[in-house]
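S.K.:
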Amino acid sequence: MAEINVTPMVDVMLVLLIIFMVAAPLMVAGVPVDLPDSQADALDSKDRQVTVSLDEQGLIYIDETRVPAGAFADRLAAISPSGQTAPPVVLRADRALDYGRVVAVMGALNKAGFRQISLVTHGSSESP
């Protein structure tokens, strides 16, 4: 018999394809945050952007790396050296957080030179 049976290989490839299709959306967000709802339209994503996340305890993460208390300004200065344009920031904050905590982080971002800040929310069709 000189033929190669490719059916088992196709079966394995289809199973792997399904596994990757299911697992890929789960790898997008590294810090679990319960986002608030909004009716705003989605913005285009930028190639070079910084993701800042605030979890329900108020802990700050920069691109999935937890920032120790008091070191947020230093980490921001390391991301955008002086003389260069700061990359856009995507801010993800848990809905259970105090509004003042979110505004304080936005103020620190603004003070560090990050002027383009986008707030991430869940889409909602309900009117306020």
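Numbering of the sequence shown is given in the working numbering, commencing with residue 367 and proceeding in unit increments. By construction, the Cβ of each residue, glycine as well, lies at the ideal position given by its N, Cα and C atoms.
Distance, Cα to Cα, alanine 437 vs tyrosine 427?
M.R.: Counting from one through the sequence shown, the residue named residue 437 turns up at place 71. Counting from one through the sequence shown, the residue named residue 427 turns up at place 61. Approximately 11 Å, taken between the alpha carbons.
S.K.: Using a 10 Å radius around the Cβ and a threshold of 16 neighbouring Cβ atoms, would you call valine 418 buried or exposed?
M.R.: Residue 418 sits at position 52 when you count from the first residue of the sequence shown. The residue in question, valine 418, is buried, as its Cβ has 16 or more Cβ neighbours within 10 Å.
S.K.: Does DSSP put arginine 467 in a helix, in a strand, or in coil?
M.R.: Position 101 of the sequence shown, counting from 1, holds the residue named residue 467. Helix.
S.K.: In the DSSP assignment, what are the bridge partners of aspartate 403?
M.R.: On the sequence shown, position 37 is the one that residue 403 refers to. For aspartate 403, which the question treats as bridged, DSSP gives the partners His488.
S.K.: Label phenylalanine 386 either buried or exposed according to how many other C-beta atoms from any shown protein chain fall within 10 Å of its C-beta, with 16 as the threshold for buried.
M.R.: Position 20 of the sequence shown holds residue 386. With fewer than 16 Cβ atoms within 10 Å of its Cβ, phenylalanine 386 is classed as exposed.
S.K.: Pull the bridge partners of arginine 432 from the DSSP assignment, please.
M.R.: Within the sequence shown, numbered from 1, the residue matching residue 432 stands at position 66. The partner list for arginine 432 (beta bridge, DSSP) reads Tyr427.
S.K.: Excluding sequence positions up to five away, which residues of its chain have a Cβ less than 6 Å from the Cβ of methionine 379?
M.R.: For the purposes of this step, residue 379 is taken as residue 13 along the sequence shown, with counting starting at 1. Closer than 6 Å at the Cβ level, and outside the excluded window around methionine 379, lies no residue.
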